[in-house]
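Protein chains in written order, with the UniProt record's numbering: chain A, 1 to 157; chain B, 1 to 157.
Heads up, the beta-carbon is just placed ideally off N, CA and C, and yes, glycines get one too.
All values derive from a computational prediction rather than experimental measurement.
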DNA sequence: TGCAAATAGTTAGCAAGCTACATATGAGAT
DNA sequence: ATCTCATATGTAGCTTGCTAACTATTTGCA
């Protein structure tokens, strides 16, 4: 048990590193789009609307991997900013279709540009292969996380 | 510009994947330690105290890579739970030394165990090499993020 | 037809994270 | 000795994210 191969220093630090770097990314992004009145979460939502057109709230929650109430509040904010509108869906009076407003179009176009540039800058000195590996690792991890979410083992105590 | 090598689908998705997986990790962890009245952030803080002994608040902020006010509130919560105490530092009446309470020792020991198990479970099917690569990628990214934070280029508009 | 269960969205309440600003104390220079 | 600047912590206020519990529809089946 002294040198358990499953317990390298790497493994010990990885999960922390992951959540810290995710947080830092969000903070940087928030700072960049702040003067436009946006945040990472709002930008992600707007981008989806731009790229996939009007979308139902439930679908948004699925795609953005957020809980429904989180989406509700993001939309409340964006609606107040006049960037999106909730439209009635005919055939289902429960549902709402979310769409970008005319007024938001330029902002969102600019945002898309900004994000593309940021991406290039941040990932500039990372090799494609390494990125692919990292991507795979994250995907695996998420898979395990979701498996555990469904069947939490011993942590029930 | 049609097939810009700097703009693969991987690159397009990576930053989102990172922040999403970080979030999911946090959510899972929070759910696991919830019945103990803990969260990921609080656990990280307690773990540091256990492994490095009593620490000043400023030092905690540095080590955990959190802003000072965030640490203040984590400590407020943990103090209310009776898990940590803020002690005076003699020689500097501004400073406070944060220490785990006697009462918290068993909780924290248990927590350490729990985290070790979780780590093994989550990373079980990931090769050491891949993990190392992923780790390097994250480190690089954080480096870029911090460089940009200091010198935000074109995003000044 | 009419009632039960599923689905769409919302409300309430909590913790974490940030920025901006405030307070108290210490240290260094004149 | 004092005055200024730096350091250590704290307060206020905002957004994101979650879970739990609610309302309004719709759907499916008896």
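Interface criterion not met: the Cβ of residue 55/B is under 8 Å from no Cβ in chain A. When the Cα atoms are used, residue 142/B and residue 25/A turn out to be separated by approximately 8 Å. The beta carbons of residue 129/A and residue 138/B sit no closer together than 8 Å. With a beta-carbon spacing of about 11 Å, residue 42/A and residue 107/A fall beyond the 8 Å limit used to define contacts. Where residue 92/B is concerned, the enclosing beta strand (DSSP E) starts and stops at 92-100. With contacts defined by Cβ atoms closer than 8 Å, residue 39/A and residue 48/A do not form a contacting pair.
In the assembly as shown, residue 93/A is an exposed residue. Its beta-carbon has fewer than 16 other beta-carbons within 10 Å. Within the same chain, 56, 57, 86, 87, 88 and 89 come within 8 Å of residue 96/B by CB-CB distance, once the 5 residues on both sides are set aside. In this structure, the straight-line span from the alpha carbon of residue 63/A to that of residue 140/A is close to 19 Å. Residue-level contact check: residue 20/A touches chain B, since one or more beta carbons of chain B fall below 8 Å from its beta carbon. Contact check for residue 83/B against residue 100/B passes: the beta carbons are separated by less than 8 Å. Sixteen is the threshold: when 16 or more other Cβ atoms of the shown chains lie within 10 Å of the Cβ of residue 71/B, as they do, the residue is buried. Straight-line spacing of the CA atoms in residue 77/B and residue 65/B works out to 18 Å.
DSSP places residue 9/B within a helical segment (H, G or I) once states are collapsed to three.
Distance from the Cα of residue 13/B is smallest, within the candidate group 131/A, 148/A, 144/A and 145/A, for 131/A. Counting the other Cβ atoms within 10 Å of the Cβ of residue 11/B gives 16 or more, which makes it buried.
For residue 44/B, no beta strand (DSSP E) encloses it; the enclosing alpha helix (DSSP H) starts and ends at 40-52. Comparing C-alpha distances from residue 109/A to each of 46/A, 34/A and 28/A shows the shortest one belongs to 46/A. Within the DSSP bridge table, the entry for residue 68/A names no partner.
Inclusion of residue 121/A and residue 144/B in the CB contact set at 8 Å is warranted, their separation being smaller than that value. Just measuring C-alpha positions, the residue of 98/B, 79/B and 105/B sitting nearest residue 60/B is 98/B. Taking a C-beta cut-off of 8 Å against chain B, the contacting residues of the stretch 131-149 of chain A are 131, 132, 133, 134, 135, 136, 137, 138, 139, 140, 141, 142, 144, 145, 146, 148 and 149, listed in chain order.
DSSP places residue 84/A within a strand segment (E or B) once states are collapsed to three. Around residue 65/B, the beta-carbon contacts reaching into chain A at under 7 Å are 20. Taken atom to atom, the span from the alpha-carbon of residue 15/A to that of residue 67/B is near 20 Å.
If you compare the alpha carbons of 125/B, 69/B and 104/B with that of residue 81/B, the shortest gap goes to 104/B. Contact with chain A is found for residue 26/B, since one of that chain's Cβ atoms lies less than 8 Å from the residue's Cβ. With a threshold of 8 Å between beta carbons, residue 123/A makes contact with chain B. Boundaries of the alpha helix (DSSP H) harbouring residue 115/B: 105-123, taken from the DSSP string.
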